[in-house]
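Chemist: Handing you this structure, nothing more for now.
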Amino acid sequence: MLELTPECNFNCPYCYCLWHEFPELRENPLTLEQWKKVIGFAADEGVDDLLFTGGEALLFPGLKELILFTREKIPSCKLALFTNGSLMTEEMFFFCKENRVRLATSLQGLRSYGEMTGTGRTFHSLLELLAFGRQNKWKLEVSITVTRKNQDEICDMFAAAALSGAETILLGAMMPEGRGREHLDLALSRPEWEQVKEKIRKMKNCGVPYSFCDEMLCECRKQPDELIQKFGDPHFKPCPAGKEFGVISPNGIYRKCLHHWNG
Ligand code: SF4
365 MLELTPECNF NCPYCYCLWH EFPELRENPL TLEQWKKVIG FAADEGVDDL LFTGGEALLF
425 PGLKELILFT REKIPSCKLA LFTNGSLMTE EMFFFCKENR VRLATSLQGL RSYGEMTGTG
485 RTFHSLLELL AFGRQNKWKL EVSITVTRKN QDEICDMFAA AALSGAETIL LGAMMPEGRG
545 REHLDLALSR PEWEQVKEKI RKMKNCGVPY SFCDEMLCEC RKQPDELIQK FGDPHFKPCP
605 AGKEFGVISP NGIYRKCLHH WNG
C-alpha cells in the first residue's frame with residue numbers, strides 16, 4: 365500500500381490514517397521521483413500488487429505519471445486506487461480503466477454522510493460515481509465503515525451502494541486508530557457490530573458480493589487494557605501484516621501494518 369499523500373479534502377472523524385497519531389509520518393512527503401524509486405525497488409523485490417491510497421490519492425500531483433511508470437515497470441501488476449471519490453473526473457476514471465487500475469471508494473453514510481466525512485457534503489455524487497462505473501463497465505469496490513452515527517442506516521447504505529453499481533462491498537467497524545482514537549464515542553462495541561452483521565445477512569441477496577472485516581482493534585500494537593476489553597477479538601488470529609502486505613507512509617517510512625508504527 366502506497367500512502368502517496370497525507371493531504372485529504374475530507375475530515376472523517378474515524379479516519380485511521382496513522383499520521384493523526386504520529387505526525388512525523390506526514391512530514392517531508394515523498395516527491396514523484398522518490399515514489400518512482402520506491403516502486404522500482406518494489407518491482408525488483410517481486411511485488412506484483414500495489415494500492416495507491418492517501419490521504420486522498422487524487423490530491424497527489426504526479427498520480428497519472430506514477431501509474432504509467434508503474435504499468436511500464438511491472439506490466440502484470442495488480443493496481444488499485446482508493447479514493448473518497450469526490451475529485452474523480454471522467455478523464456481520470458477512463459485513464460484508470462485504460463491502465464487497468466481497479467477503483468475503490470468508501471460510502472460513509474447517507475443522512476450521516478456530511479457528518480461522517482466532516483464536510484457537510486451529501487452522498488449523491490458518490491452514488492453517481494458508482495453508477496457511472498457500472499455504466500462504463502469499470503465498477504468500483506465500496507468500503508463501508510460502521511459507526512454509531514451510521515449504524516441505523518446501514519441496510520439503506522448497503523442497498524444504495526449495491527443498487528448504484530458497487531462491484532463488491534466490504535463492511536467493517538470503525539477502529540480506534542488514527543483520528544478515531546479521539547472519537548471513541550463513535551465506535552461500536554463488539555455485540556453492536558455483530559448485530560450490524562446480522563442485519564446485513566438478513567437482507568435479500570441482491571447479487572453483489574460482500575464481506576466483513578472483523579478487526580476492531582489493531583492487535584499488532586500494544587493497546588491499553590480498556591481498549592482490549594472493549595474492542596479486542598476473542599478469536600484473534602495472528603495478523604498477516606508484514607508478510608502478505610506492507611505500507612509505505614507518505615514520508616517513505618515502511619510499516620508492516622496499516623494501523624501501527626513502532627516509531
Ligand atoms: S478516511 Fe479517507 S476520506 Fe476520510 S479523512 Fe481519512 S483519508 Fe480522507
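Each residue of the sequence shown is one higher than the one before, starting from 365 at the first, in this note's numbering. Backbone N, C-alpha and C define an ideal beta-carbon position, used for all residues, glycine too. Note that the coordinates shown come from a computational prediction; the quantities given were computed from them, not determined experimentally.
Given 8 angstroms as the limit, tell me if F374 has its C-beta closer than that to any heavy atom belonging to ligand 1.
Modeler: As a working note, residue 374 is residue 10 in the sequence shown. Yes, since a heavy atom of ligand 1 falls inside the 8 angstroms radius drawn around the Cβ of F374.
Chemist: Give a single yes or no on whether R545 has its beta carbon closer than 8 angstroms to a heavy atom of ligand 1.
Modeler: Your numbering for residue 545 matches position 181 in the sequence shown. No, ligand 1 has no heavy atom inside 8 angstroms of this Cβ.
Chemist: How many angstroms separate the CA atom of E579 from the CA atom of V465?
Modeler: The residue you call residue 579 lines up with position 215 of the sequence shown. The residue you call residue 465 lines up with position 101 of the sequence shown. Straight-line Cα distance between these residues: approximately 27 angstroms.
Chemist: Throw me the rounded Cβ distance for the A530 and E505 pair, which I believe falls under 8 angstroms.
Modeler: Along the sequence shown, one-based indexing puts residue 530 at 166. Along the sequence shown, one-based indexing puts residue 505 at 141. Yes, they are in contact, since the Cβ atoms of A530 and E505 sit about 7 angstroms apart, within 8 angstroms.
Chemist: For L432, count the other beta carbons within 10 Å of its own beta carbon; 16 or more makes it buried, fewer makes it exposed. Which is it?
Modeler: As a position in the sequence shown, residue 432 is number 68, starting the count at 1. Classification for L432: exposed.
Chemist: Tell me whether the beta-carbon of G542 lies closer than 9 angstroms to the beta-carbon of L550.
Modeler: Position 178 of the sequence shown holds residue 542. Position 186 of the sequence shown holds residue 550. No, the pair does not count as a contact, with Cβ atoms beyond the cut-off.
Chemist: Kindly examine ligand 1 and report whether one of its heavy atoms sits closer than 8 angstroms to the Cβ of S489.
Modeler: As a working mapping, residue 489 is identified with position 125 in the sequence shown. No; taking the cut-off as 8 angstroms, the Cβ of S489 has no heavy atom of ligand 1 nearer than that.
Chemist: Output yes or no for whether 9 angstroms exceeds the beta carbon distance between L494 and A525.
Modeler: One-based indexing of the sequence shown puts residue 494 at position 130. One-based indexing of the sequence shown puts residue 525 at position 161. Cβ atoms of L494 and A525: closer than 9 angstroms.
Chemist: Pick from Y380, G596, F386 and F374: whose alpha carbon is nearest that of N341?
Modeler: Residue 341 is absent from the model: the chain starts at 365 and stops at 627.
Chemist: Quick one: which unbroken alpha helix (DSSP H) runs of 4-plus residues sit fully inside the stretch 585–623? Chain order, please.
Modeler: Fully enclosed alpha helix (DSSP H) runs of 4 or longer: 589–595.
Chemist: Thinking L491 and S528 are a contact (beta carbons under 8 angstroms), I'd like their distance in whole angstroms, please.
Modeler: As a first step, residue 491 is located in the sequence shown; it is residue number 127 there, counting from the start. As a first step, residue 528 is located in the sequence shown; it is residue number 164 there, counting from the start. Right, their Cβ atoms sit about 4 angstroms apart.
Chemist: Given a cut-off of 9 angstroms on the beta-carbon distance, is the pair F522 and Y574 in contact?
Modeler: By one-based count along the sequence shown, residue 522 stands at place 158. By one-based count along the sequence shown, residue 574 stands at place 210. Result yes, Cβ atoms of F522 and Y574 sit closer than 9 angstroms.
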